[in-house]
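Here the protein sequences line up with chains U and Z, keeping their order.
Under full-length UniProt numbering, residues 1 to 292 are what the first sequence spells out, in order.
Under full-length UniProt numbering, residues 1 to 321 are what the second sequence spells out, in order.
Cβ atoms here follow ideal geometry from the backbone N, Cα and C, with glycine treated the same way.
Notes for the one structure printed next.
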Amino acid sequence: MTTSIIHDIGYRHYEGRRLGRGYVLRSLYVHNLRAAFGLGRPARAKVMPFLLAAIMLLPAVGVVAAVGLAGLDRPPIRYSQYAVSLQVIIAIFLATQAPVLASRELRHRVVPLYFSRPVGHLDFVLAKLAALATALFALMAVPITVMYIGSLVNKMPNASRHLADYLTALLGCVLFALVLAAIGMVVAAFTPRRGFGVAAVIAVYSLSAGFVLIVQGLAEAHTNFTLAGWMGLFTPFNLVDIVQVRLLGAEPSAVAVAPGVLGGLVALLLCGVLVAGSIPVLYRRFRKAGLS
Amino acid sequence: MPIIATQGLTMRFPRVTALDDLTVAVEPGIIGLVGANGAGKSTLIRILLGLQRPTSGRASVLGLDIARDGARIRERVGFMPEYECLPPDVSATEFVVHMARMCGLPPTAARERAADTLRHVGLYEERYRPIGGYSTGMRQRVKLAQALVHDPQLVFLDEPTNGLDPAGRDEMLGLIRRIGTEFGISVLVTSHLLGELERICDHVVIIDGGRLLRSQAVEAYTAASGSLTVEVDEGRDRLAALLAEAGLAVRAEGRQLVVDIADESTYDLIRDGVADLGLRLVRLEQRRHRIEEVFAPASHQAAAPGAPPAPPGAYPQGGVR
């Protein structure tokens, strides 16, 4: 039997390279992206995100199988429809994972450790926002990609049409991811307790969706389709769907969509305001936390 | 070159003045920053890190101006906050590696430095377990490790002995002493306990209510005073009477006598007095000041009649203002 001995060679100074802002920003982004899927944390932190990701994949796999077996010439779910149809799953993912990125480090007061290092406040916020948006994008884009690959494998007709629809849907996913990340981060950053953060994000999603659906239902009962369409601006999934339909040429998936190119432009503008507006709000929130 | 220098540093909050025209300069080494809770210690550290802008005044750290070179200062210093600042669900290794990368250390170097630093602060096998299960002492070590992992030139340690038991306190103080001497990293360590800083610091700065009370080398605080401590086995009072008769200022302190030194002959008078009375001399030594004495006159004023005496080494609470 051999015994190993740890020799204390004393303290050594670090003479190596110290990389700059780009590296720190990249490391911060990767760290947060991993955190969004529970990587680097105990197994129970991974359950929720991977379970939801698996649920997101199921319909896509089903569609591919159905198309292959039944020989359909177009998939039963359109690419651009995917996120809207599965919005509840995406909203749950947002509600459980946005607090991980936004409020976990606030709650445990880790934030000052970043700002006492060469980490800028803006970089910190952008890395978190980008990481959550990337996680959401992956959640939506992977199933759509599976469906597209399935269409190629099944040799479905109109290959170029499929490609165009697929790419359009990917653009839509980018927009979905950015808007949802911005809303989720802001809500979660102001509810430091984890349980409250989850509840708050769910509340913002379900209340806005419920309210809009009720008003849209009433408006349509009175045949006021214009009002129903414009109401779509007030709930995130409908909002992005307006952009998909009016500016990217997708078929509507939401209940009602604001009319004309103008509707699309207004919706896109609103998306931009939400995303851009979340940055200064988060900046001030984390800056304040850095002083505690 | 002073490692930290402030000039007229003032920090006013809406309801309280945390720092009031603080001007102080200290050389590299282990620097103690002493003051009661709310004396402005943590505010001073935040300003020196460039996290908070002072209301007025200037300061430099490592020769860099806090207003202009905040980012360059933060590359070269480490910070261990007073409060809990660790995520419970990651391991110490994972956390310290991440914090090293946040200082710009490349991935491999970050892992090596994290392992080395955790070993230096005394965390071994447990470093792979989630921090949530650690004792207070282990958490303090992780907090210290994250402040040292990027090999800073100066570390700010805010109340590092807070919440530790006496043994943990001694270990932490020993570790801080090693950081200053073996590691060659300057340390600014805060505490509200003077006694513990007396043991490990080269220089002690005392602030109170945001004002500078005193800043000097530890030896200056503990310099020889003008009196002698005399301890005899029996017959203390007889000796006291004899010395008083010889014209010396004598007062009793417990089993000992404190004799003011008038001139060289004082030593002879004591020696002869002890010999003449046939007493057994246990101790005859130069009496030294203690840092606490800085507060002594003020605490006498502040203490209400009949108030219990402060425990030794404790800062007089609500004292000097």
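1) Taking Cβ to Cβ, would you say U:Leu170 is nearer than 8 Å to U:Ile144?
2) Mind listing which residues of the segment 127 to 140 of chain Z have their C-beta closer than 7 Å to chain U's C-betas, in chain order?
3) Name the two residues that bound the continuous beta strand (DSSP E) containing Z:Gln286.
4) Does Z:Ala314 come out as helix, strand or coil in the three-state DSSP assignment?
5) Any beta carbon from chain Z within less than 8 Å of U:Val119's own beta carbon?
6) Output, in chain order, the set of chain U residues within a Cβ distance shorter than 7 Å of Z:Phe183.
7) Tell me the rounded alpha-carbon separation between residue 339 of chain Z and Z:Asn162.
8) Examine chain U for any beta-carbon lying closer than 8 Å to the beta-carbon of Z:Ala71, and answer yes or no.
9) Counting only beta-carbon atoms, is Z:Glu94 nearer than 8 Å to chain U?
10) Okay, do the segment 224 to 238 of chain Z and the segment 248 to 266 of chain Z touch, 3+ Cβ pairs below 8 Å being the bar?
11) Can you find a CB in chain A that lies within less than 8 Å of the CB of Z:Asp89?
12) Only counting the same chain, and skipping five residues up and downstream in sequence, which positions put a Cβ closer than 7 Å to that of Z:Pro297?
13) Is the segment 189 to 197 of chain Z touching the segment 149 to 159 of chain Z, taking contact as three or more C-beta pairs under 8 Å?
14) With a CB to CB cut of under 6 Å and the five nearest residues on each side skipped, what residues in its chain are close to U:Leu274?
15) Would you report the Cα separation of U:His31 and U:Glu220, rounded to the nearest angstrom?
16) Taking the Cβ atom as the reference point for each residue, do residue 353 of chain U and U:Pro75 lie within a distance shorter than 8 Å?
17) Below 9 Å between beta carbons is the criterion; list the residues of the segment 264 to 291 of chain Z that meet it against any residue of chain U, in chain order.
18) Does the separation of the CB atoms of Z:Gln7 and Z:Ala59 fall below 8 Å?
19) Taking U:Pro112 as the query, report the chain Z residues whose CB atoms sit under 8 Å from its CB, ordered along the chain.
20) Throw me the rounded Cβ distance for the U:Gly290 and U:Val111 pair, which I believe falls under 8 Å.
21) So which of U:Cys271, U:Thr235 and U:Asn154 has the shortest CA-CA distance to U:Gly71?
22) Select from U:Leu69, U:Gly263, U:Asp241 and U:Leu94 the residue whose C-alpha is nearest the C-alpha of U:Thr168.
23) Going by DSSP, what residue range makes up the alpha helix (DSSP H) through U:Asp123?
24) Check whether chain Z comes within 8 Å of U:Glu251, counting only Cβ atoms and requiring the distance to be less than that.
25) Are the beta-carbon atoms belonging to Z:Leu194 and Z:Val34 less than 8 Å from one another?
26) Could you check whether U:Leu233 and U:Val266 sit closer than 8 Å to each other, using their CB atoms as the reference points?
27) Taking DSSP's pairing of strands, which residues face Z:Met172 in a bridge?
28) Closer than 8 Å, Cβ to Cβ, to anything on chain Z: give me those residues from the segment 90 to 116 of chain U, in chain order.
29) Cα separation between U:Ala91 and U:Gly210?
30) Starting from Z:Gln146, find everything on chain U with Cβ-Cβ shorter than 9 Å and list it in chain order.
31) Along the beta strand (DSSP E) that carries Z:His192, what are the first and last residues, could you check?
32) With 8 Å set as the bound, which would you pick, yes or no: does the beta-carbon of Z:Arg111 sit closer than that to a beta-carbon of chain U?
33) Under the assumption that U:Leu33 contacts U:Thr134 (Cβ atoms under 8 Å), give the Cβ distance between them as a whole number of angstroms.
34) State the DSSP-derived secondary structure class of U:Ala200, mapped to helix, strand or coil.
35) Give the residues of chain Z in contact with U:His31, contact being defined as C-beta atoms less than 9 Å apart.
By the coordinates alone:
1) Locating residue 170 of chain U in the first sequence gives position 170, counting from the first residue. Locating residue 144 of chain U in the first sequence gives position 144, counting from the first residue. Yes, the Cβ-Cβ distance between U:Leu170 and U:Ile144 is below 8 Å.
2) Listed by position along the chain: Pro130.
3) Stepping through the second sequence from its first residue, residue 286 of chain Z is reached at position 286. DSSP places Z:Gln286 in the uninterrupted beta strand (DSSP E) bounded by Leu281 to Arg288.
4) Locating residue 314 of chain Z in the second sequence gives position 314, counting from the first residue. Confidence at Z:Ala314 is low in this model, with a pLDDT of 43, below 50, so the placement of that residue is unreliable and no value is reported for it.
5) The residue labelled residue 119 of chain U in the question sits at position 119 within the first sequence. At least one chain Z Cβ lies under 8 Å of U:Val119.
6) Your numbering for residue 183 of chain Z matches position 183 in the second sequence. Here the neighbours are Tyr11.
7) For residue 339 of chain Z there is no data in the structure shown, the boundaries of chain Z being 1 and 321.
8) Here residue 71 of chain Z corresponds to residue number 71 of the second sequence, with the count starting at 1. Answer yes: the Cβ-Cβ gap between Z:Ala71 and chain U drops below 8 Å somewhere.
9) Along the second sequence, one-based indexing puts residue 94 of chain Z at 94. Output row for Z:Glu94: interface = yes.
10) These segments touch.
11) Among the protein chains in the structure shown, which are U and Z, there is no chain A.
12) On the second sequence, position 297 is the one that residue 297 of chain Z refers to. Because the pLDDT of Z:Pro297 is 49, which lies under 50, any placement of that residue in the model is unreliable, and the number read from its coordinates should be weighed accordingly. There are no such residues.
13) Touching, yes, given that three or more Cβ pairs across the two stretches are closer than 8 Å.
14) Here residue 274 of chain U refers to the residue found at position 274 of the first sequence. If we look at U:Leu274 and ignore the five residues flanking it on each side, its Cβ neighbours are Val179 and Ala182.
15) In the first sequence, counting from the first residue as 1, residue 31 of chain U sits at position 31. In the first sequence, counting from the first residue as 1, residue 220 of chain U sits at position 220. In this model, U:His31 and U:Glu220 are separated by some 47 Å (Cα to Cα).
16) Here chain U has residues from 1 to 292 only, and residue 353 of chain U is not among them.
17) Cβ proximity to chain U below 9 Å picks out nothing from the segment 264 to 291 of chain Z.
18) To locate residue 7 of chain Z, count along the second sequence from 1; it is residue 7. To locate residue 59 of chain Z, count along the second sequence from 1; it is residue 59. Yes, the Cβ-Cβ distance between Z:Gln7 and Z:Ala59 is below 8 Å.
19) Here the question's residue 112 of chain U lines up with position 112 in the first sequence. In chain order: Leu51, Phe79, Pro81 and Cys85.
20) Walking along the first sequence from the start, residue 290 of chain U turns up at place 290. Walking along the first sequence from the start, residue 111 of chain U turns up at place 111. Yes, U:Gly290 and U:Val111 are in contact; Cβ-Cβ is about 5 Å, under 8 Å.
21) Translated into the one-based positions of the first sequence, residue 71 of chain U becomes position 71. Per the Cα distances, U:Asn154.
22) Within the first sequence, the letter at position 168 stands for residue 168 of chain U. Closest option to U:Thr168, Cα to Cα, is U:Asp241.
23) As a first step, residue 123 of chain U must be located in the first sequence, where it is residue number 123. DSSP places U:Asp123 inside the alpha helix (DSSP H), whose first and last residues are His121 to Val153.
24) Counting from one through the first sequence, the residue named residue 251 of chain U turns up at place 251. So, not an interface residue.
25) Within the second sequence, numbered from 1, the residue matching residue 194 of chain Z stands at position 194. Within the second sequence, numbered from 1, the residue matching residue 34 of chain Z stands at position 34. Yes; because the gap between Cβ atoms is below 8 Å, this pair is in contact.
26) Here the question's residue 266 of chain U lines up with position 266 in the first sequence. Here the question's residue 233 of chain U lines up with position 233 in the first sequence. Cβ atoms of U:Val266 and U:Leu233: closer than 8 Å.
27) The residue you call residue 172 of chain Z lines up with position 172 of the second sequence. For Z:Met172, no pairing in a beta bridge is given by DSSP.
28) Going along the segment 90 to 116 of chain U in chain order, one finds Arg104, Glu105, His108, Arg109, Val110, Pro112, Leu113, Tyr114, Phe115 and Ser116 with a Cβ nearer than 8 Å to chain Z.
29) In the first sequence, the residue the question calls residue 91 of chain U occupies position 91. In the first sequence, the residue the question calls residue 210 of chain U occupies position 210. CA-CA distance, U:Ala91 to U:Gly210, rounds to 14 Å.
30) For the purposes of this step, residue 146 of chain Z is taken as the residue at position 146 of the second sequence. Here the neighbours are Leu113.
31) As a position in the second sequence, residue 192 of chain Z is number 192, starting the count at 1. It is not in any beta strand (DSSP E) - Z:His192 carries neither H nor E in the DSSP assignment.
32) As a position in the second sequence, residue 111 of chain Z is number 111, starting the count at 1. No, Z:Arg111 does not count as interfacial toward chain U.
33) By 1-based counting over the first sequence, the position of residue 33 of chain U is 33. By 1-based counting over the first sequence, the position of residue 134 of chain U is 134. Indeed, because the Cβ distance is near 6 Å, the residues count as touching under 8 Å.
34) For the purposes of this step, residue 200 of chain U is taken as the residue at position 200 of the first sequence. The answer is helix: DSSP assigns U:Ala200 an H, G or I state.
35) Sequence index remark: in the first sequence, residue 31 of chain U carries index 31 (1-based). Neighbours of U:His31 on chain Z, chain order: His98, Arg101 and Met102.
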